[in-house]
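Peer 1: What follows is a structure written as structure tokens; I'll ask about it next.
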Amino acid sequence: MHSILSILTIFATIASALPTGAPRCKITEKIISQGHLATQNGAMGLTLTAPPTYTPGGPAIPITITGSFPVDMGILGYVTPGGIQDSMLTGGPEGPAAGVSRHVGGFMDAMLQGIRPQTQSTCDAQNVVNDVPESTITHMAPLLGLRNTMTLMWTPPATNEGVVTVNMVIAGNVLEPYMVVPSVQIMSTDGLVQGQSMNFKNANVAAPLNPLSYMANAATNLVPNVLELPGTVVDDVNTLLGDGEATTHTAGNLAGGMAKGMANKILGMKRDEAPVVPRAAQK
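The opening position of the sequence shown corresponds to residue 3 in my numbering, with each subsequent residue numbered one higher.
Structure (structure tokens):
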């Protein structure tokens with residue numbers, strides 16, 4: 003009886019340990035798999051939609067994820083220059099080092115949905131340069147997944163980046179599946195930049211989850227997740243203890259953003275979106 007209770011306690015710990023943010027700054031399917039007992043599940047049917055174009059320095063545009071979300075969920079999202087989905091690059095032999103190192107534009111109002119800028123130290127560790135902190139976003143805490151759509155507003159960069167690619171992954175807790183969402187490309191109204199082409203490459207939809215693959219992945223990842231209190235909990239420690247700057251920035255933006263959002267709703271005002279100016283250009 004004691005052994006059974008111990009096992010149930012372990013699983014309860016795992017199930018409730020969805021962290022306050024993704025542990026990485028680039029979407030890497032292999033890393034995500036190691037943090038889940040379930041495998042990727044294409045049956046979630048998640049898709050991305052966005053307008054065909056953006057205007058450099060122009061207004062924010064909606065990016066919508068539609069499909070079957072996990073019961074509680076996390077997110078990692080960003081936009082990269084070029085026409086190749088980042089997970090296709092990080093899935094190669096070089097792993098995350100092969101992903102695009104620049105994340106452009108910003109999800110400036112994501113805080114209103116419980117989504118924060120990714121921890122700066124996490125992005126620094128993968129040599130990712132964000133235009134602004136909100137260029138790479140993740141969840142502050144488990145998001146309520148009982149929905150079939152979620153829309154985030156993306157503010158374009160101030161300068162032309164040509165075609166850009168939207169990268170998103172939605173994941174449940176370690177007992178639930180995840181899905182790397184096939185990307186969409188958005189074209190600049192100013193056209194392509196040098197070196198870009200119209201040869202876009204996006205990941206295929208993953209196969210539906212089946213019991214055999216679940217059991218195989220669970221057998222492989224159960225011990226590492228139990229010993230490490232899932233690998234993604236490492237980001238909890240980094241976020242709460244290792245990056246005071248990000249924590250302060252997040253708390254301030256949350257309070258200010260919520261107040262501003264409420265005021266806009268009450269007054270029926272439409273806030274003009276300022277263009278995203280890279281930090282280097284602000285100096």
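We put the beta carbon where it would ideally sit given N, CA and C, even for glycine.
Note that this is a predicted model, so its numbers are computed, not measured.
Where do the N-terminal and C-terminal ends of the beta strand (DSSP E) with D74 fall, by residue?
Peer 2: D74 to P83
Peer 1: Between which two residues does the alpha helix (DSSP H) carrying L177 extend?
Peer 2: Counting along the chain, L177 falls outside any alpha helix (DSSP H), and DSSP gives it neither H nor E.
Peer 1: Taking the straight line between their C-alpha atoms, what separation do you get for I33 and L194?
Peer 2: 32 angstroms
Peer 1: Helix, strand or coil for L146, going by three-state DSSP, please let me know.
Peer 2: strand
Peer 1: Once the 5 residues before and after G101 are set aside, which same chain residues still bring their CB inside 7 angstroms of it?
Peer 2: Beyond the five residues adjoining it in sequence on each side, G101 comes within less than 7 angstroms, by CB distance, of K28, D88, L91 and T92 in the same chain, given in chain order.
Peer 1: By Cβ distance, which residues of its chain are closer than 6 angstroms to P135, with the 5 residues on each side in sequence left out?
Peer 2: Here the set comprises P119.
Peer 1: Residue range of the alpha helix (DSSP H) that L91 falls in?
Peer 2: D88 to T92
Peer 1: So does the segment 66–81 actually touch the segment 143–157, counting three or more Cβ pairs closer than 8 angstroms?
Peer 2: Enough Cβ pairs lie closer than 8 angstroms, so yes.
Peer 1: May I have the straight-line CA-CA distance separating A205 from P184, to the nearest angstrom?
Peer 2: 5 angstroms
Peer 1: Taking the Cβ atom as the reference point for each residue, do Y180 and V171 lie within a distance shorter than 8 angstroms?
Peer 2: yes
Peer 1: For V106, which option in F202, V165, A143 and I67 has the closest C-alpha, if you only look at C-alpha atoms?
Peer 2: V165
Peer 1: So what's S35 in DSSP terms, helix, strand or just coil?
Peer 2: For S35, the three-state secondary structure derived from DSSP is helix.
Peer 1: Since T121 is in the alpha helix (DSSP H), which residue starts that stretch and which ends it?
Peer 2: Counting along the chain, T121 falls outside any alpha helix (DSSP H), and DSSP gives it neither H nor E.
Peer 1: Name the two residues that bound the continuous beta strand (DSSP E) containing I63.
Peer 2: I63 to T68
Peer 1: Suppose the cutoff is 8 angstroms on Cβ atoms and the five residues either side in sequence are ignored; what does the same chain contact list for A62 look like?
Peer 2: M110, D111, M155, W156, T157, P158 and E275
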